[in-house]
Amino acid sequence: MKRFTLFFLMLILTNLIIYSAQINVRADEVKGEESRYILKNNVLIQKEDLSISTDFATITLVNDEWREVNTDKVYITADTFEATSSSMNFDLQTEKGKLSGNVLAKIFLEESEIEINSDELQIDNNNKRYEGRSENMVLIKKGDYIINAKSFVFVEKENLLTLSENVHIVNSVEKIDMKSAYATFNTQTNDIEAQQVNLILEVADEEE
Numbered sequence: 001m002k003r004f005t006l007f008f009l010m011l012i013l014t015n016l017i018i019y020s021a022q023i024n025v026r027a028d029e030v031k032g033e034e035s036r037y038i039l040k041n042n043v044l045i046q047k048e049d050l051s052i053s054t055d056f057a058t059i060t061l062v063n064d065e066w067r068e069v070n071t072d073k074v075y076i077t078a079d080t081f082e083a084t085s086s087s088m089n090f091d092l093q094t095e096k097g098k099l100s101g102n103v104l105a106k107i108f109l110e111e112s113e114i115e116i117n118s119d120e121l122q123i124d125n126n127n128k129r130y131e132g133r134s135e136n137m138v139l140i141k142k143g144d145y146i147i148n149a150k151s152f153v154f155v156e157k158e159n160l161l162t163l164s165e166n167v168h169i170v171n172s173v174e175k176i177d178m179k180s181a182y183a184t185f186n187t188q189t190n191d192i193e194a195q196q197v198n199l200i201l202e203v204a205d206e207e208e
């Protein structure tokens, strides 16, 4: 009887969500409430190219639509990014969400990728916009570039990474060490524009 009830709840949940918003949900355990479903163990939530994996999540009604997802430790991926964090709040309709705690993310560009380590990361998947910050420093890596800042915004369509507060950009191959209050970094051309700059350029001594 328990297995039948579990299967029946999963079937109802899947059908309700699929037909209203093209979302597929799977979990080992499901508990249904009036305006919320609790999902446990091997949870998988999919919407087109968006996928959310966790061991615990809730899906809550917002304006009579199944939209708000809250998770514990999570792995989320889409066509141009993937990320893990300690927790997440995500709107399945707008595809906007906030990842919090030990965020590790990768954003996939045409010919390279950006790695991000931060305390929090806000994702707007439809507009391919990412915004994050850390109490200490965000760490961003792209090729030979190692970048630190308190906060950043990356707009994928513009290839523009905007960095704020205690910005530090290092490229040991190009022998660049730059500190600034504010900077923009073009992820396609690697062009940098900065304000209030302290820049060190290394030049090899001429051999006698």
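Residues 1 to 208 in UniProt numbering are what the sequence shown lists, from first letter to last.
Positions of the beta carbon are idealized from the N, C-alpha and C atoms, including for glycine.
Just so it is clear, the structure is predicted and the values come from calculations on it, not from any experiment.
For Val62, list the residues DSSP reports as bridge partners.
Glu65
Is it buried or exposed for Gly97, if we count other Cβ within 10 angstroms and need 16 for buried?
buried
Over what stretch of residues does the beta strand (DSSP E) that includes Asn190 continue unbroken?
Element bounds for Asn190: n/a, residue is neither H nor E.
Applying the 10 Å Cβ sphere with the 16-neighbour rule, what's the burial state of Val69?
buried
CB-CB length for Leu92 against Lys47, believed under 8 Å
About 6 Å separates the beta carbons of Leu92 and Lys47, which is inside the 8 Å limit, making them a contact pair.
Give the DSSP-derived three-state secondary structure of Lys128 in the structure shown.
coil
Should Gln122 be counted as a contact of the ligand COA given a C-beta to heavy atom distance under 7 Å?
No copy of the ligand COA occurs in the structure displayed, which carries no ligand at all.
DSSP three-state assignment for Lys150, whether helix, strand or coil:
strand
Considering Gly143, what are the terminal residues of the beta strand (DSSP E) in which it resides?
Looking at the DSSP string, Gly143 is not in any beta strand (DSSP E), and its letter there is neither H nor E.
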